[in-house]
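Keeping their order, the protein sequence lines are chains A and B. By our numbering, the letter at position 415 of the first sequence is numbered 415, and the numbering carries on one by one without gaps. Position in the second sequence counted from 1, then plus 1000, gives you our numbering. The beta carbon of each residue, even a glycine, is placed where N, CA and C say it ideally should be. Note that this is a predicted model, so its numbers are computed, not measured.
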Amino acid sequence: MTTRVTRSPRRRTVVALGVVLLVLSLFVVRLFDIQVVNAAEHVAESQKLATGAKQTLYGARGEIVDTNGTVLASSTTRYDVQIDPTLAVKGIPKVGDDGKTVKDADDKPVLVPWPELADRIAAVTGQSSADVQKIVADALAKDASSQYATIKRYVSTEEYRALADLKLPFLYYDKHPARTYPDGAVAGNIVGFTGSGGEPLEGIESLQDQCLASEEGSVTYQKGADGVIIPGTEKTTAAVDGGTVKLTIDADLQWYLQQLISEETAHYQADWGGIIVMEVKTGKIRAIAETKTVDPNDPGASATDDRGSRLLRVSYEPGSTFKPVTAATAIEQAGLTPTSSVLTPDRMQFPNGAVINDSENHPTENLTLTGGLVQSSNVAMSQFGSLVSPEVRQQYLEKFGVGGGDALGWSGAPKAGFSSDAKNWDNQTYYTTTFGQAFTVTPTQVVSVFQTIANGGVRLPAQLVESCTKADGTVVTPTEPDPVQVIQPQTASEVSQMLENVYAQGTLASDINIPGYRLGVKTGTAQVPDGKGGYKDGLYVTSLVGFAPAEDPQYVVLTLFDEPKTNRMSSANRSVFKKAMMQVLTHYRVMPSNQATPLLPVTQ
Amino acid sequence: MSTPAMSAIDLLEDLPSLPPRDGADRRLRALDRPASRRRPRLLYGIIAVAGAVLIGAVQMGLSILTTQSSYELSALTQQQRTLDYQKQVLTDSIAGLSSPQYLAANAAALGMVTGQQPTFLRLSDNAVIGTAAGNNGASAVNALTQAAVANGLVAGTPLVNDPTASLTAGATVADEAIAASAAETSTPPAIADGLPTPTTH
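Structure below.
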């Protein structure tokens, strides 16, 4: 039992305690507010008001490497040289050999005049002294108290250090992260380039920017009067470097093929030429060479049209390189075999009124399906192809990739495919679709068709990017579409054998023969639309595509010329194809076949 | 409510009573005179002061060392920056030297050829597969005089064994040169400085 006497002081104590706790909790709330809720604001303010400094830390943009790790693009640093014109024209005190300022009779410092200083700057930057003086004079003419003019942008570290060693107090340097491409134009069409401000503009640089881009960090600290960082005040948020993009390209092979296609394109005076090499069993593109190719170190030196990849942005009517697709369709859907034959004149009028010509005159002969490919006869392939309904033929073409784009996701990829569906094909189109006309494809799709045939009928997505390795070591591989079983393995093997016979028995046999190897090839001389509904006269996109070794295919090689002039037919591609294929086989140490091509009858 | 209280009192009543206190044992009693103040022990004082001084000294020492090392750190940072610049300069200066076009041009200058037909020796029957053109064959590409793959980094850099030769800068120039040479391969070059003569000693 409590009495009045004992209760009163206890209540007072409780009240006092309550007040103290209340005040304390107010402090706690305020402390929490300062330290947590508004912490960033206060830290920023403290840095602004105090002797602190904040520096941005730049992470390096990631490298682009080829499949063997050869660096194709890496980061470097460039500097802008800026000048304070007002200060510059005043000159600087001359410093004697003893390191002391030289003084004249009146004990005033002797000044080194501005033109002499301009000479020194110009000697480093490679400009003329007059140029440097003009920049300063112009800036002063505009504004007599000008404190800012740019002498030269993007100078190298070497020049920057040389300028810094001049110890001119009126020069300032602005640092820029920049890109350098050690292999120059090797794969320049694929690697792409960045703008002067470091922004990605073309190719993989732009396509894979998410992987390559770095994150900036910062460091804040307080400095003493002598510029030394006060211990314990340093606070760093590390910059995160960009990831490394690994391509499927092989830089050495790529160089050779670029050099080759450049020489050959010039020789045949084609508008441009290209070579694509794809690995049969993976769908990985090992080289994608073309003329002209931009040197990413100096994209300005190339014409605007030459700065990207033509091969990945062009679409064309493939022509005869799509005859194997017709053969595969006829084998699976009309029950033909490589020896099924048909009477083939060099010009034929079909029941629906369409007229189909062969490119060369020949007597009427009983061509086999193999013969249709070996002699690349439009008439024979039209007859074989029309055994199958146009809807099914379109289905097959689509399964081979026509109209389906590719997995590369390249910027500016062309819209290629059918101009009309099978049910709307006119009488002529009904037949021309059997030999690669009336629809367009990309060079990559043509390569994929041959990859499919060489790979037992399984089409693998074309692949250009192997992986992205982040700064912390995580490897991210791009998600690719699933492989597609386009034709049965048996069909693929039969078509492959027929293509081998094109290599062994075609008109090109002696020109592209690589002793020791079995190859499967097909030429294509595709007409080029003149933009007025017809085709250009005597100008073609010529191509030669093939795989080797045929008994166990490893690589598909496509060579392509746009409108060669000195030899206008696909025979222009023979020497470049042979040299390219030979280099691929020796580069990858592909063992010779050691056996002869099984010959199939061309006529019966 | 009152029942538990009652029982507590009952319990108290059960306790044995304390023995009566003796008057002589009372703890509190009046003193005759105030106790004399004891002198503080000097030793403790000395220890405390010395401790404080020591702590101060150590702290000052540490502070001096920290400051000292921050200067060292600053010097080293400066040195590292200089070295970073040097590294960058050196990296820039060798960039491009390992590029395939520069290596190939050097190889071509040494008389090496590339792009030959593969030739194999079959061990089982000594058969040579392929043409044995080997070292007599012409190069499939002309990596030196018709270098077509530009590289701004090594444009103008002299070749290792032939300081007068270099890859020309820019693809456009090279392509034009190729086109020109392809167009008129049969035309001999113009004689500028008389007929070329071998240098002999």
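Using a CB distance cut-off of 7 Å, A/Val-65 does not count as an interface residue toward chain B. Pairing A/Met-381 with A/Thr-326 gives a Cβ-Cβ distance under 7 Å. Chain A has a Cβ within less than 7 Å of the Cβ of B/Leu-1153.
Nearest neighbour of A/Asp-421 by Cα position, chosen from A/Thr-432, A/Glu-391, A/Pro-299, turns out to be A/Glu-391.
At a cut-off of 7 Å between beta carbons, A/Lys-579 contacts chain B.
One alpha carbon belongs to A/Pro-93, the other to A/Lys-108, and they sit about 9 Å apart.
Rounded to whole angstroms, A/Ile-121 and A/Val-155 show a C-alpha spacing of 12 Å. Per the Cβ contact rule, the stretch 579-589 of chain A is in contact with the stretch 237-253 of chain A (3 or more Cβ pairs under 8 Å).
For chain B, the residues of the stretch 161-195 of chain A that bring a beta carbon within less than 7 Å of one of its beta carbons are Arg-161, Thr-180, Pro-182, Asp-183, Gly-184, Ala-185, Val-186, in chain order. Taking C-alpha positions only, A/Thr-67 is separated from A/Ala-334 by approximately 43 Å.
Neighbours of A/Thr-586 in chain B, taken as residues whose beta carbon is under 9 Å from its own, are Gly-1115, Gln-1116, Gln-1117, Pro-1118 in chain order. Rounded to whole angstroms, the Cβ separation of A/Ala-471 and A/Gly-283 is 28 Å, and the two are not in contact under 8 Å. A residue is called buried once 16 or more other Cβ atoms fall within 10 Å of its Cβ, and A/Gly-192 is buried on that count.
A/Val-342 is not a Cβ neighbour of A/Asp-358, given a cutoff of 7 Å. A direct Cα-Cα distance of roughly 16 Å separates A/Ser-593 from B/Asn-1126. Per the Cβ contact rule, the stretch 169-184 of chain A is in contact with the stretch 1098-1110 of chain B (3 or more Cβ pairs under 8 Å). At a cut-off of 7 Å, the C-beta of A/Leu-247 has no neighbouring C-beta in chain B. The stretch 280-296 of chain A makes contact with the stretch 308-319 of chain A; the number of CB pairs closer than 8 Å reaches 3 or more. The closest CA to that of A/Tyr-58, considering only A/Val-71, A/Thr-77, A/Ala-73, A/Asp-84, is found on A/Thr-77.
A/Val-484 has A/Arg-459 as its beta-bridge partners, per DSSP. One thing to note: A/Glu-466 has its Cβ no nearer than 7 Å to the Cβ of A/Lys-281.
Residue burial is scored here from C-beta neighbours: A/Glu-494 has at least 16 other C-beta atoms within 10 angstroms and is therefore classed as buried. For A/Asn-427, the closest of A/Gly-353, A/Val-89, A/Asp-104 by C-alpha to C-alpha distance is A/Gly-353. Distance between A/Gly-533 and A/Pro-443, taken at the CA atoms: about 23 Å. For the stretch 254-265 of chain A, residues whose beta-carbon sits nearer than 7 Å to a beta-carbon of chain B comprise Trp-255, Tyr-256, Gln-258, Gln-259, Leu-260, Ser-262, Glu-263. Taken in chain order, the whole beta strand (DSSP E) runs of length 3 or more contained in the stretch 303-359 of chain A are 341-344, 347-349, 355-357.
DSSP places A/Glu-551 in the coil class of the three-state scheme, outside both helix and strand. At a cut-off of 7 Å, the C-beta of A/Pro-231 has a neighbouring C-beta in chain B. Annotation for A/Gln-437: Glu-317 place their beta carbon closer than 6 Å to its own, counting only its chain and skipping 5 residues before and after.
In the DSSP assignment, no residue is bridged to A/Gly-372.
A/Gly-243 counts as buried, since at least 16 other C-beta atoms from the protein chains shown sit within 10 angstroms of its C-beta. Unbroken beta strand (DSSP E) stretches of 3 residues or longer found wholly inside the stretch 230-316 of chain A: 235-237, 244-247, 272-279, 285-290, given in chain order.
A/Ser-377 is positioned such that its CB atom lies closer than 7 Å to that of A/Thr-344. Put simply, the backbone Cα of A/Ala-178 is about 6 Å away from that of A/Ser-75.
In the displayed model, A/Ile-514 falls within coil according to three-state DSSP, outside both helix and strand. The shortest CA-to-CA distance from A/Trp-114 to any of A/Thr-86, A/Asp-98, A/Glu-279 is the one to A/Thr-86.
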